[in-house]
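S.K.: Got a structure for you, written out below as structure tokens; questions coming shortly.
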Amino acid sequence: MNSFDIIGPVMVGPSSSHTAGAVKIGNISRRLLGGTVKKADIFFHGSFLATGKGHGTDRALVAGLMGFGVDDPRIADSFRYAKEAGMECCLSGIDLGDVNPNSVKLLLSGEEGQSIEIVAASVGGGAIRILEIDGLPADFSGDYPTLVVQNVDQPGHVTEITSMLGHKSINIATMKLNRSSKGGNAVIVVECDQEVPADAVRWLAHLEGILKVTYLSLSGEA
Amino acid sequence: MYQSFQEIIRIEKSFGLSFWEVIRENDTREMDITAEEALRRMEKMYDAMREADKAYDPSLSSASGLAGCDGERIAAARREGTLLCGSFLGLVMEKAVKMGESNACMRRIVAAPTAGSCGVVPAVFLSLEEEKGYSKEEMVKALYVSAGIGGVIAQRASISGAAGGCQAEIGAASAMAAGGTAFLLGGDGEAISHAAALAMKNLLGLACDPVAGLVEVPCVKRNVIGAVNALTSADLAMAGIRSKIPPDEVFDAMRNIGRILPEELKETGRGGLAATPTGIAFRKGLETF
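First to last, the sequence lines map onto chains R and P. Residues are numbered in the numbering used here as their position in the first sequence, beginning at 1, plus a constant of 228. Residues are numbered in the numbering used here as their position in the second sequence, beginning at 1, plus a constant of 1.
This is the structure:
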């Protein structure tokens with residue numbers, strides 16, 4: 229902990245969990261989609277649903293999807309900016325069951341035809357967790373460059389990922405494995421200390437048995 | 002960050018450093034930055050507080066309609082000279098309300114330590130700079146003192162309403178502002194820690210009971226009591242008054258109270274003011290998606 233965990237962040241109010249956290253969810257989701265968001269279906273759950281309008285959670289999330297930071301004064305008017313940019317937004321409520329009360333589900337599609345489904349939670353103080361990607365459990369913070377690899381549940385995929393990262397001198401911070409069923413769809417989430425080069429991500433995506441690779445890069449503009 | 006005031010004061014005495022320097026040294030180590038860079042970053046926080054204060058818009062109300070327009074009311078009373086508390090405390094009250102309202106109205110603020118309590122530290126510090134002639138350099142050092150106090154509170158107790166009730170937000174902010182003010186008045190680590198402890202003791206047990214779960218009622222106006230309480234506590238400490246319970250133990254008591262406070266009074270919007278008939282009616286009237 230340092231002084232700026234106490235004095236700071238500079239943020240648009242009113243709430244670190246319901247506003248700043250929602251901006252961050254939008255931001256990380258935009259990066260996970262990879263590129264400009266063309267259409268966003270946003271489903272608010274729990275406290276996000278009950279108090280989201282009052283906390284500006286809706287405007288904060290759309291601002292995040294536009295790539296605005298947590299201190300961007302345009303957050304309060306994000307709907308207008310989204311409309312001007314041609315981003316289509318549809319907001320509604322949902323019951324996601326037994327998840328964090330500050331959770332949201334997002335269905336995003338991009339300009340290059342790509343799409344992604346994300347469930348994320350704001351866990352306090354502006355910190356977030358990505359809980360699900362495309363219906364499979366993920367659970368990562370968005371604070372590290374993160375590889376999300378969806379693959380067929382069969383031997384060898386962990387080795388492919390770790391040897392590639394080792395070859396590129398990339399250190400693994402955390403790594404999690406999950407699967408829907410034995411031999412079904414599986415997901416490997418790897419938080420890294422360094423950025424993974426784009427060609428390495430492409431190489432992974434083309435391997436036999438790898439269904440989809442989503443990469444969260446934290447470099448460059450959102 | 003340090004676990005106790007005792008430890009900060011020990012380092013202050015044995016190395017001949019000022020309280021704020023002890024905290025800055027910790028940042029340079031933790032963040033791997035130079036002393037100059039650490040000061041520059043804190044100056045940015047102070048600048049952002051100043052900008053947020055200046056950017057107050059009296060025409061704004063929050064989305065719920067529960068917050069807004071009160072900052073101008075207190076400003077007008079101050080201009081007319083009708084405030085019993087006088088011009089200086091009037092300015093502090095005005096700035097505290099304005100910052101709380103700016104936060105509720107989705108303007109840019111500096112969480113210190115939280116968004117709900119963002120008015121306390123700037124109301125005290127900006128008013129001291131404007132009215133009492135402190136230099137900006139001194140204000141940035143005072144902000145470092147406040148950060149150190151907040152660090153002790155975060156480690157010994159909590160700086161989150163959901164975990165510790167409002168004592169962990171307005172209470173923590175008030176203790177931070179009190180210690181920073183004691184520093185500006187020439188206090189050493191002992192005076193600083195007692196100013197913080199005296200401020201905290203007045204707000205121990207404060208419930209976090211926001212109406213409709215929003216950071217508006219009673220949060221905005223509680224920034225006023227946090228700020229004014231900081232000034233009286235600093236004055237008490239600088240007059241030589243000491244907390245009979247040592248500062249570190251005061252914050253242990255705060256943690257203990259936060260632990261035994263019922264969930265209804267920890268940011269759930271289910272107890273206290275939120276559970277009054279009027280509070281419930283406001284919640285029912287709220288728009289959802």
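Built from N, CA and C at the ideal position, the CB exists for glycine as well. Note that the structure is a prediction, hence the values are computed from the model and not measured.
Give the DSSP bridge partners of Leu319/R, in chain order.
M.R.: Ile270/R
S.K.: Please confirm if His283/R has its CB atom under 8 Å from at least one CB of chain P.
M.R.: Taking 8 Å as the threshold, the shortest C-beta distance from His283/R to chain P falls below it.
S.K.: Interface residues of chain R around Thr289/P at Cβ under 9 Å?
M.R.: Phe272, Leu277, Ala278, Thr279, Gly280, Lys281, Gly321
S.K.: Taking 8 Å as the cut-off, decide whether the C-beta atoms of Arg287/R and Phe296/R are in contact.
M.R.: no
S.K.: Are the C-beta of Gly236/R and some C-beta of chain P separated by less than 8 Å?
M.R.: yes
S.K.: Glu131/P: which of Cys119/P, Ala164/P, Lys96/P, Ala155/P sits nearest, CA to CA?
M.R.: Lys96/P
S.K.: Can you list, in chain order, the stretches of the alpha helix (DSSP H) that have 4 or more residues and sit fully within the segment 62-108 of chain P?
M.R.: Runs of the alpha helix (DSSP H) lying entirely within the segment 62-108 of chain P and spanning at least 4 residues, in chain order: 71-81, 87-105.
S.K.: Applying the criterion that 16 or more other CB atoms from any shown protein chain within 10 Å of the CB defines a buried residue, is Ser159/P buried or exposed?
M.R.: Buried: at least 16 other Cβ atoms inside 10 Å.
S.K.: DSSP on Lys142/P, reduced to helix/strand/coil?
M.R.: Note: Lys142/P maps to helix in three-state DSSP.
S.K.: If we define contact as Cβ-Cβ less than 8 Å, is Phe232/R a contact residue for chain P?
M.R.: yes
S.K.: Would you list, in chain order, the members of the segment 239-263 of chain R that have their beta-carbon closer than 9 Å to a beta-carbon of chain B?
M.R.: Absence of chain B from the displayed structure is noted, the protein chains being R and P.
S.K.: Between which residues of its own chain and Thr285/R is the CB-CB distance below 6 Å, once the five residues before and five after are set aside?
M.R.: Excluding sequence neighbours, Thr285/R sits near His246, Ala250, Phe276.
S.K.: Using a Cβ-Cβ cut-off of 8 Å, state whether Glu38/P counts as contacting chain R.
M.R.: no
S.K.: Under three-state DSSP, which class holds Val441/R?
M.R.: In this structure, Val441/R counts as strand in the three-state DSSP scheme.
S.K.: In or out: Cys318/R buried (at least 16 other Cβ within 10 Å) or exposed?
M.R.: exposed
S.K.: What residues of chain R sit near Leu144/P, judged by a beta carbon separation below 9 Å?
M.R.: Ser231, Ile235
S.K.: If you compare alpha carbons, which of Asn413/R, Gln422/R, Gly448/R is closest to Val441/R?
M.R.: Asn413/R
S.K.: Can you look up Thr264/R in the DSSP assignment and give me helix, strand or coil?
M.R.: coil
S.K.: Cα separation between Asp300/R and Glu436/R?
M.R.: In this structure, the alpha-carbon of Asp300/R lies about 43 Å from that of Glu436/R.
S.K.: So, using beta-carbon positions, are His395/R and Ile416/R closer together than 8 Å?
M.R.: no
S.K.: Please decide whether Asp28/P counts as near chain R, where near means a Cβ-Cβ distance under 8 Å.
M.R.: yes
S.K.: Between Ser147/P and Gly273/P, what straight-line distance do the alpha-carbon atoms span, to the nearest angstrom?
M.R.: 30 Å
S.K.: Which stretch, first to last residue, makes up the alpha helix (DSSP H) that contains Asn224/P?
M.R.: Per DSSP, Asn224/P belongs to the alpha helix (DSSP H) from 220-239.
S.K.: In this structure, how does DSSP classify Ser60/P when only helix, strand and coil are distinguished?
M.R.: coil
S.K.: My parser needs the alpha helix (DSSP H) runs of 4 or more residues fully inside the segment 279-349 of chain R; what are they?
M.R.: Listed in chain order, they are 285-293, 306-312.
S.K.: Excluding the 5 residues flanking Leu90/P on each side, which residues of the same chain have their C-beta closer than 8 Å to its C-beta?
M.R.: Leu84, Val229, Leu232
S.K.: Output the boundary residues of the beta strand (DSSP E) element that contains Leu364/R.
M.R.: 364-368
S.K.: What is the DSSP secondary structure of Thr269/P, reduced to helix, strand or coil?
M.R.: Coil.
S.K.: Between Met255/P, Glu22/P, Pro263/P, which lies nearest to Ala176/P when the distance is taken from Cα to Cα?
M.R.: Met255/P
S.K.: Can you tell which of Gln342/R, Met239/R, Asp326/R, Ser320/R has its C-alpha closest to the C-alpha of Ala304/R?
M.R.: Met239/R
S.K.: Give the secondary structure of Glu436/R by DSSP, where H, G and I count as helix, E and B as strand, and everything else as coil.
M.R.: If DSSP states are grouped into helix, strand and coil, Glu436/R belongs with coil.
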